[in-house]
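Protein chains in written order, with the working numbering: chain A, 1 to 219; chain B, 1001 to 1219.
Ideal Cβ positions, reconstructed from N, Cα and C, are used throughout, including at glycine.
All figures in this text were calculated on a predicted structure; none of them were measured in a lab.
Let me begin by presenting the structure, written as structure tokens, before commenting on it.
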DNA sequence: ATGAGGTGTATGGTCTGACCATACCCTGAT
DNA sequence: ATCAGGGTATGGTCAGACCATACACCTCAT
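Now the structure itself:
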């Protein structure tokens, strides 16, 4: 049997999807939901807390005799996917994850090249990867490099988004390292990116990022 | 007194920030946290549920005598920011939100132009804005347009990210409508974007998106 | 001394039942 | 017709309990 918390989440998602709930509509109250799903109110509350953390619903005390949490976001595939992503359940294909990464890193490369920032952190990450004792350390260095690149763009929000993708990216990154026996190609890509940023060569940086990700994650 | 749930969240964030916790380190157990913060275990669990929803920590049953949730994400500004964004507490500047939007929508415009997709949805949103009775409907149409643009890129993940930014974007969008007495400029921008996508003109689409957002959110 | 295997124990996950302050609804008095 | 006030269901919080699990430790045979 699946965990109670996940049951509740799935049922609420399903209800939103199938019952055509619109933004502003109300879900049943916590006690009512608990009874319908045969779980405790505590589990319902945890599920609602997760959804409210994702900005899907929002609750208010009082509200009199009428019901519970309000839908604050549009239902649909994107919503369900976002929930799954954040829960690590993963509804996105590798293609989508890599696509989003490509978008963020190409953009960041342009910003970083203009600002000529973050080069020290990137260099440090490359060094760490050279000195890495095992695959774990190597992957950690890789993550540090790409995080440094995006952070160099100076927008904490996009950095946070990449950070949020960490779990998925990490898994794929490990797969890549395992697949490629030789890691020198990855490091070469990193060095090309770093050099383009140092030179302030935005076009070159985009090209380098694109090539690097294509190399690491071939179609 | 602040709500118990928020207290716990703040204290955990603070602990991560000030105690130099690293990825893989463990937080105290739920019962211990509850006692330290003088709240019930249920409140602690809700806070941890929120953090785990954001991918900040992860829990496992068992774990023997040693402690609780594991840090699964890098601490620091980006982390705290992500938490605040998702909780609607807002740690990002308007500049950062708009910057992220620009990144996503420029990228989406290129993809959409190549695929020549999503034009029907965008056209529908433009019509809805023309027929809008009040500011609320107008803003709803605006959101629908930009969501359609990003969805046209065919990557549910990036769509989900824009969806996640909805709350912040929405607020700024309202501000923009209020500021601009005349909304024809916004609609004109939408039409330019739509036309470029229909023509498969990637460069023109990027230019149109950039101009439109610069118009809606002047520096 | 060393390894395998069993046991103890604290953990996260869940449930029950209770209390509080709040916000809505409805009634009744004006 | 309007307004004041109580009734009531709500979300937020708490206390205490039980379960299955996974680690740490101890025992015992080798």
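1. Evaluate the contact criterion for the stretch 200–215 of chain A versus the stretch 1024–1037 of chain B: three or more CB pairs, one atom per stretch, below 8 Å.
2. Please list, in chain order, the chain A residues whose beta carbon lies closer than 7 Å to that of residue 1124 (chain B).
3. So with CB distances below 7 Å, who are the chain A contacts of residue 1042 (chain B)?
4. Can you find a C-beta in chain A that's less than 9 Å from the C-beta of residue 1074 (chain B)?
5. DSSP on residue 191 (chain A), reduced to helix/strand/coil?
6. On a Cα-Cα basis, can you pick out the residue from A:26, A:195, A:6 and A:211 that is closest to residue 114 (chain A)?
7. Taking only beta-carbon atoms, is residue 5 (chain A) less than 9 Å away from chain B?
8. Across the stretch 94–101 of chain A and the stretch 197–204 of chain A, are there enough close Cβ pairs to call them in contact, namely three or more that are closer than 8 Å?
9. List, from N- to C-terminal side, the alpha helix (DSSP H) runs of 4 residues or more that fit wholly inside the stretch 1109–1153 of chain B.
10. Indicate whether at least one CB of chain A lies closer than 9 Å to the CB of residue 1209 (chain B).
11. With a threshold of 16 other CB atoms inside 10 Å of the CB of residue 130 (chain A), please say whether the residue is buried or exposed.
12. Three-state secondary structure (DSSP) at residue 93 (chain A)?
13. Expressed to the nearest angstrom, what Euclidean distance is found between the alpha-carbon atoms of residue 1189 (chain B) and residue 1208 (chain B)?
14. For a test of the three-state rule: what should DSSP assign to residue 1058 (chain B), helix, strand or coil?
15. Compute the distance between the beta-carbons of residue 46 (chain A) and residue 1045 (chain B), then report whether it is under 9 Å.
16. Mind checking if residue 100 (chain A) is an interface residue toward chain B, Cβ cutoff 9 Å exclusive?
17. Using CA coordinates, which residue listed in A:143, A:109 and A:162 is at the minimum distance from residue 192 (chain A)?
18. With the cut-off set at 9 Å, would you say residue 187 (chain A) and residue 143 (chain A) are in Cβ contact?
19. Is it the case that the Cβ atoms of residue 1157 (chain B) and residue 97 (chain A) are separated by a distance below 9 Å?
20. Quick one: using the 10 Å Cβ neighbour count with 16 as the cut-off for buried, is residue 36 (chain A) buried or exposed?
21. Classify residue 111 (chain A): buried if its beta carbon has 16 or more other beta carbons within 10 angstroms, exposed otherwise.
22. Distance check for residue 43 (chain A) and residue 1049 (chain B), CA to CA, integer angstroms please.
23. What does the alpha-carbon distance come out to for the pair residue 148 (chain A) and residue 132 (chain A)?
24. Taking 9 Å as the threshold (C-beta atoms), are residue 1039 (chain B) and residue 1004 (chain B) in contact?
25. Please report how far the alpha carbon of residue 1011 (chain B) lies from the alpha carbon of residue 1107 (chain B), in whole angstroms.
26. Would you report the Cα separation of residue 1075 (chain B) and residue 1155 (chain B), rounded to the nearest angstrom?
27. Do the CB positions of residue 26 (chain A) and residue 34 (chain A) come within less than 9 Å of each other?
28. Going by beta carbon distance, what residues of the same chain come within less than 8 Å of residue 1205 (chain B), once the five residues before and after it are set aside?
29. On the premise that residue 1128 (chain B) lies in contact with residue 1141 (chain B), defined as a C-beta separation below 8 Å, what is that separation, rounded to the nearest angstrom?
30. For residue 45 (chain A), would you say it is in contact with chain B, using Cβ-to-Cβ distances shorter than 9 Å as the test?
31. Using a beta-carbon distance below 9 Å, is residue 104 (chain A) in contact with chain B?
32. For the alpha helix (DSSP H) holding residue 209 (chain A), just list the boundary residues, first then last.
33. Would residue 1194 (chain B) count as contacting chain A if we go by Cβ distances under 9 Å?
34. Using beta carbons (cut-off 9 Å, strictly below), is residue 1161 (chain B) in contact with chain A?
On the basis of the supplied data:
1. No, they do not touch.
2. Translated into positions along the second chain, residue 1124 (chain B) becomes position 124. Taking a Cβ-Cβ threshold of 7 Å, none of the residues of chain A is close to residue 1124 (chain B); the smallest such distance is about 15 Å.
3. Locating residue 1042 (chain B) in the second chain gives position 42, where the first residue counts as 1. Those within 7 Å of residue 1042 (chain B) in chain A are 42.
4. Here residue 1074 (chain B) refers to the residue found at position 74 when the second chain is read from its first residue. Note that residue 1074 (chain B) scores a pLDDT of 46, beneath 50, so its modelled location is shaky and nothing firm can be said.
5. In the first chain, counting from the first residue as 1, residue 191 (chain A) sits at position 191. In the structure shown, residue 191 (chain A) sits in a helix (DSSP, three-state: H, G or I).
6. Within the first chain, residue 114 (chain A) is the residue found at index 114, counting from 1. Comparing Cα positions, the closest option is A:195.
7. As a first step, residue 5 (chain A) is located in the first chain; it is residue number 5 there, counting from the start. It does: the Cβ of residue 5 (chain A) has a partner Cβ on chain B nearer than 9 Å.
8. The stretch 94–101 of chain A, when compared against the stretch 197–204 of chain A, does not touch it at the 8 Å Cβ threshold.
9. Inside the stretch 1109–1153 of chain B, DSSP marks whole alpha helix (DSSP H) runs of 4 or more residues at positions 1119–1130 and 1135–1151, from first to last along the chain.
10. What you label residue 1209 (chain B) is simply residue 209 of the second chain in a count that begins at 1. Interface residue (Cβ-Cβ distance to chain A less than 9 Å): residue 1209 (chain B) is not classified as such.
11. If you number the first chain from 1, residue 130 (chain A) lands on position 130. By the neighbour-count criterion, in which a residue is buried when 16 or more other Cβ atoms sit within 10 angstroms of its Cβ, residue 130 (chain A) is exposed.
12. Against the first chain, residue 93 (chain A) aligns to sequence position 93. Of the three classes helix, strand and coil, the one that applies to residue 93 (chain A) here is coil, per DSSP.
13. Start at 1 with the first residue of the second chain, and residue 1189 (chain B) comes out as number 189. Start at 1 with the first residue of the second chain, and residue 1208 (chain B) comes out as number 208. Each residue's Cα considered, the two are about 7 Å apart.
14. Residue mapping note: residue 1058 (chain B) aligns to position 58 of the second chain, counting from 1. Shown here, residue 1058 (chain B) sits in a strand according to DSSP, grouped into three states.
15. Locating residue 46 (chain A) in the first chain gives position 46, where the first residue counts as 1. Locating residue 1045 (chain B) in the second chain gives position 45, where the first residue counts as 1. One thing to note: residue 46 (chain A) has its Cβ within 9 Å of the Cβ of residue 1045 (chain B).
16. In the first chain, counting from the first residue as 1, residue 100 (chain A) sits at position 100. Residue-level contact by beta carbon holds for residue 100 (chain A) and chain B, with a gap shorter than 9 Å.
17. The count along the first chain starts at 1 and reaches residue 192 (chain A) at position 192. Residue 192 (chain A) has its Cα closest to that of A:109, out of A:143, A:109 and A:162.
18. For the purposes of this step, residue 187 (chain A) is taken as the residue at position 187 of the first chain. For the purposes of this step, residue 143 (chain A) is taken as the residue at position 143 of the first chain. Here residue 187 (chain A) is not near residue 143 (chain A), since their CB atoms are 9 Å or more apart.
19. For the purposes of this step, residue 1157 (chain B) is identified with residue 157 of the second chain, where counting begins at 1. For the purposes of this step, residue 97 (chain A) is identified with residue 97 of the first chain, where counting begins at 1. Their beta carbons are under 9 Å apart, which means residue 1157 (chain B) touches residue 97 (chain A) by this criterion.
20. Here residue 36 (chain A) refers to the residue found at position 36 when the first chain is read from its first residue. Counting C-beta atoms within 10 angstroms of its own C-beta, residue 36 (chain A) has fewer than 16 neighbours from the protein chains shown and is therefore classed as exposed.
21. By one-based count along the first chain, residue 111 (chain A) stands at place 111. With 16 or more Cβ atoms within 10 Å of its Cβ, residue 111 (chain A) is classed as buried.
22. Indexing the second chain from 1 puts residue 1049 (chain B) at position 49. Indexing the first chain from 1 puts residue 43 (chain A) at position 43. In this model, residue 1049 (chain B) and residue 43 (chain A) are separated by some 11 Å (Cα to Cα).
23. The sequence position of residue 148 (chain A) within the first chain is 148, counting from 1. The sequence position of residue 132 (chain A) within the first chain is 132, counting from 1. For residue 148 (chain A) and residue 132 (chain A), the distance between alpha carbons rounds to 18 Å.
24. If you number the second chain from 1, residue 1004 (chain B) lands on position 4. If you number the second chain from 1, residue 1039 (chain B) lands on position 39. Yes. Within cutoff.
25. By 1-based counting over the second chain, the position of residue 1011 (chain B) is 11. By 1-based counting over the second chain, the position of residue 1107 (chain B) is 107. Rounded to whole angstroms, residue 1011 (chain B) to residue 1107 (chain B) spans 38 Å at the Cα level.
26. One-based indexing of the second chain puts residue 1075 (chain B) at position 75. One-based indexing of the second chain puts residue 1155 (chain B) at position 155. Low confidence applies here, because residue 1075 (chain B) scores a pLDDT of 41, under 50, leaving its location unreliable and the question unanswered by this model.
27. For the purposes of this step, residue 26 (chain A) is identified with residue 26 of the first chain, where counting begins at 1. For the purposes of this step, residue 34 (chain A) is identified with residue 34 of the first chain, where counting begins at 1. Not a contact, by the Cβ cut-off of 9 Å.
28. Working through the second chain from its first residue, we reach residue 1205 (chain B) at position 205. If we look at residue 1205 (chain B) and ignore the five residues flanking it on each side, its Cβ neighbours are 1109, 1110, 1112, 1113, 1193, 1196 and 1197.
29. Counting from one through the second chain, the residue named residue 1141 (chain B) turns up at place 141. Counting from one through the second chain, the residue named residue 1128 (chain B) turns up at place 128. Cβ-Cβ separation between residue 1141 (chain B) and residue 1128 (chain B): approximately 4 Å, consistent with a contact (criterion under 8 Å).
30. Here residue 45 (chain A) refers to the residue found at position 45 when the first chain is read from its first residue. Using a Cβ-Cβ cut-off of 9 Å, residue 45 (chain A) counts as an interface residue toward chain B, since at least one Cβ of chain B sits closer than that to its own.
31. Stepping through the first chain from its first residue, residue 104 (chain A) is reached at position 104. It does; some Cβ of chain B falls within 9 Å.
32. Here the question's residue 209 (chain A) lines up with position 209 in the first chain. Start and end: 202–216.
33. As a position in the second chain, residue 1194 (chain B) is number 194, starting the count at 1. Closer than 9 Å: no.
34. Along the second chain, read from residue 1 onward, the residue named residue 1161 (chain B) stands at position 161. True, the Cβ-Cβ gap to chain A drops below 9 Å.
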